[in-house]
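Following this note's numbering from start to finish, the sequence shown increments by one per residue and tops out at 167.
For glycine and all other residues, C-beta sits at the position ideal for the given N, C-alpha and C.
Notes follow once the structure below has been shown.
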Amino acid sequence: MSEIEKRISGSFSAQGLMGTLGAELVHVAPGEVHIGLSPRPGLSQQHGYVHAGALTTILDSACGYAALTVAPPGHEVLTVEYKVNFVRPAAADRFVAVGKVVKAGKTLTVCQGEVVGSQGSRQEVVAFMQATIINVPISA
């Protein structure tokens with residue numbers, strides 16, 4: 028396991044919300060992170076689809092961790108803002124949030140992400156995100 032994978036995995040494991048959602052770290056590479064989520068009744072909204080909040084959460088984390096893979100040494104990251112568009116109801120057997128770095132700067136990193144729902148062999152994008160992430164020096 029690379030140093031980047033260890034860093035992301037350790038941080039992911041420390042997030043209580045990821046555990047509460049049952050989210051899984053699926054893939055880590057420089058500038059790209061994938062987080063998986065399987066639907067269950069506790070994550071649904073009133074129509075039975077996975078709640079937008081659950082999907083937004085894993086997508087925000089995928090973008091944040093993608094930014095962390097390219098953050099300067101001695102820095103952590105925080106989300107500054109994001110915009111999400113949902114393009115279809117979240118009805119699938121499995122969801123994967125893919126976060127990718129578009130432009131990494133000294134202070135801010137811009138990421139794009141998408142949530143892909145899989146049902147059998149069919150895969151469809153459920154949501155898109157654009158996020159701005161800030162590099163924050165680690166306090167001593």
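Name the DSSP bridge partner or partners of residue i?
i	result
GLY63	GLU51 and VAL123
THR159	GLU108 and VAL137
GLN146	ARG149
ALA98	Answer is none; ALA98 lacks a bridge partner.
GLU103	VAL163
ALA154	PHE113 and VAL142
VAL128	CYS138
Taking residue i as the reference, give the member of the options with the closest Cα.
i	options	result
ILE53	TYR76, GLY75, ILE85 and HIS74	Per the sequence shown, residue 53 should be read as Val rather than Ile. The shortest Cα separation from VAL53 among TYR76, GLY75, ILE85 and HIS74 belongs to ILE85.
VAL152	GLY140, ASN162 and VAL163	GLY140
CYS138	GLY101, ALA94, SER65 and GLY132	ALA94
PRO99	GLU32, LEU64 and ASN162	ASN162
LYS133	GLN146, VAL142, THR159 and GLY69	THR159
When DSSP labels each residue in this structure, what does residue i get in the three-state scheme?
i	result
LYS110	strand
GLY37	helix
GLY140	strand
PRO68	helix
Could you give the first and the last residue of the continuous alpha helix (DSSP H) run that contains residue i?
i	result
ILE85	79–95
- request: Count the C-beta pairs between the segment 57–65 and the segment 88–97 that are closer than 8 Å, then say yes if the count reaches three, no if not.
  value: Cβ pair count under 8 Å is three or more, so yes.
- prompt: Is the segment 97–116 touching the segment 152–161 in the sense that three or more CB pairs, one from each, lie closer than 8 Å?
  reply: They touch, by the three-pair rule.
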